[in-house]
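Asker: Quick one: this structure, given as structure tokens, is what I'll be asking you about.
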Amino acid sequence: MNKDYGDAIRSIEKGQTDPLYFLRGEDRFLQTFFVKKIEKGMFGDGTANISTLNPDEISSKEIIERLNRTDLFASKTIFVLRQPQLIRGAYRDGLMAYCKHPPLTNSLIILHNEWQARTKYFKDMEKMSSSISVSTPLEPGMKKWTGYFFKERSLQVSGDVIQTIVDMAGDSLDHLQNEIEKISISLDNNEIVTSEKVRQFSGWQREHQRWEFFIALGEKKFPKTISLGKTLVTQNETLISLIYGLTSYYIEMWYLKKSIGTSQSYPGYTGLPPSVMKRLPQFAKSVTTKEVELALYLLSEMDIRVKSKTVDDETELLKFLLKIQSAHG
């Protein structure tokens, strides 16, 4: 049975825990946060009896034995099963048998890193359990969590501050929480959090301008792109680091051009600001594959020049952007 993440948390906080949860998605913060809420809901402030089961570390046989073992000294147990897809053969049947009749005193939390159950085995398991999405939220969800993190720290912030932080650190909830923690411990008593204050923290001004640079590039606002690029390479970072960012930008663009009509998924960390990643599909529609491949060729040539001889960073970047502008027409 599908359940909303927030509704499930509120039920747990009221002391209503289920014997079987199927968490689908890869966001480690949401997974960990959920498990901690279950611990609190079942054990309060006492010592939690929790057992982590990972087929990478213990055998499938031992996992099933632990699930079915009766502990004379513990009245209830939380089991956290990671990578359930690694359980094979007859032990899959053993896990399914447990899911059909889970002990009501315990709680088994199955962490399935894919957002969607693709096989009949996991679809059946999902139907038997409280199935909850723990995928990284989209921007509206990120804003809600940002407000929650500030409220946790007794800080009141405006919508502008929330938007600024989501734009800069909204690629994951872990990233958001870490940045908000840095802000909270750096504030003086009763100091008000503003967007400008946020940008004053180490590294944030650079990320803010990077975000604006890539957005302007994607929107084909070339005068603004050139102005921001000049600021980046003369004040905040080296041309080499910007070349890496631009290369990631165009590689992702190329990937999107080649993947039209198929399921989209980004192959790992890109180093691009989250607000840029969200708009890449839109930007990809406004360029041709030939333009993207030209940009990658120009970047590789510029990378060689920068590493092999002394060049003027500002001039190199300007030449690149003017050629991109000319190719776009």
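Read in this note's numbering, the sequence shown has 107 at position 59, and its numbers run on one by one without any break.
Even glycine gets a Cβ: it sits at the ideal position worked out from N, Cα and C.
Quantities reported herein were computed from a predicted structural model and do not represent experimental measurements.
(1) Which runs of the alpha helix (DSSP H) fall wholly inside the region 162-221 and span at least 4 residues, in chain order?
(2) Comparing C-alpha positions only, which one of Gly142, Asn116, Ile111 sits nearest to Arg130?
(3) How would you call Pro322, buried or exposed, if buried means at least 16 neighbouring beta carbons within 10 angstroms?
(4) Go through its chain and collect everything with a Cβ distance to Arg117's Cβ below 8 angstroms, but skip five positions before and after it.
(5) Determine the DSSP secondary structure at Thr100, reduced to helix, strand or coil.
(6) Quick one: residues in its chain with C-beta nearer than 8 angstroms to the C-beta of Phe77, no 5 flanking neighbours on either side, listed in chain order?
(7) Assign Leu68 to one of three DSSP states: helix, strand, or coil.
(8) Please report the distance separating the alpha-carbon of Ile352 from that of Lys306.
(9) Roughly how many angstroms separate the alpha carbons of Ser59 and Asp52, rounded to a whole number?
(10) Helix or strand or just coil, what does DSSP make of Val128?
(11) First and last residue of the alpha helix (DSSP H) that includes Leu287?
(12) Could you name the residues of the same chain whose beta carbon sits closer than 7 angstroms to that of Ile274, not counting the 5 residues immediately before and after it, in chain order?
(13) By a C-beta neighbour count over all protein chains shown, 10 Å radius and 16 as the cutoff for buried, is Leu328 buried or exposed?
(14) What number of angstroms, rounded off, separates the C-alpha of Ser313 from the C-alpha of Leu159?
(15) Which of the three DSSP states, helix, strand or coil, is assigned to Ser155?
(16) Which residues does DSSP list as the beta-bridge partners of His160?
(17) Identify, in the order they occur along the chain, each residue of the same chain with its Cβ nearer than 7 angstroms to the Cβ of Cys147, setting aside the five sequence neighbours on each side.
(18) Looking at the secondary structure, which residues open and close the alpha helix (DSSP H) in which Ile111 lies?
Answerer: Inspection of the coordinates gives the following:
(1) 168-176, 187-200, 207-217
(2) What you label residue 130 is simply residue 82 of the sequence shown in a count that begins at 1. Per the Cα distances, Ile111.
(3) Along the sequence shown, read from residue 1 onward, the residue named residue 322 stands at position 274. Pro322 comes out buried.
(4) Position 69 of the sequence shown, counted from the start, is the residue given in the question as residue 117. Excluding positions up to five away in sequence, the list is empty.
(5) Taking the first residue of the sequence shown as 1, we reach residue 100 at position 52. Thr100 falls in the strand class under three-state DSSP.
(6) For this step, residue 77 is matched to residue 29 along the sequence shown. Correct list, in chain order: Ser220, Leu221, Asp222, Gln225.
(7) Residue 68 sits at position 20 when you count from the first residue of the sequence shown. Correct three-state label for Leu68: strand.
(8) Sequence index remark: in the sequence shown, residue 352 carries index 304 (1-based). Sequence index remark: in the sequence shown, residue 306 carries index 258 (1-based). Cα to Cα, the separation comes out at about 27 angstroms.
(9) Against the sequence shown, residue 59 aligns to sequence position 11. Against the sequence shown, residue 52 aligns to sequence position 4. Their Cα atoms are separated by approximately 11 angstroms.
(10) For the purposes of this step, residue 128 is identified with residue 80 of the sequence shown, where counting begins at 1. Looking at Val128 - three-state DSSP - the assignment turns out to be strand.
(11) By 1-based counting over the sequence shown, the position of residue 287 is 239. Where Leu287 is concerned, the enclosing alpha helix (DSSP H) stretches over 287-306.
(12) Counting from 1 along the sequence shown, the entry for residue 274 is found at position 226. Sequence-distant Cβ neighbours of Ile274 in its own chain, meaning closer than 7 angstroms and more than five residues away, are Leu366, Leu369.
(13) The sequence position of residue 328 within the sequence shown is 280, counting from 1. That one is buried.
(14) Taking the first residue of the sequence shown as 1, we reach residue 313 at position 265. Taking the first residue of the sequence shown as 1, we reach residue 159 at position 111. Note that Ser313 has pLDDT 45, beneath the 50 cutoff, so the model's placement of it is unreliable and the number below is only indicative. C-alpha separation (whole angstroms): 20 angstroms.
(15) Working through the sequence shown from its first residue, we reach residue 155 at position 107. The answer is strand: DSSP assigns Ser155 an E or B state.
(16) Walking along the sequence shown from the start, residue 160 turns up at place 112. Residue pairing for His160: DSSP places it in a beta bridge opposite Arg72.
(17) To locate residue 147, count along the sequence shown from 1; it is residue 99. So the qualifying residues of the chain are Leu68, Met173, Met176, Ser177.
(18) For the purposes of this step, residue 111 is taken as the residue at position 63 of the sequence shown. Segment 108-116, the alpha helix (DSSP H) holding Ile111.
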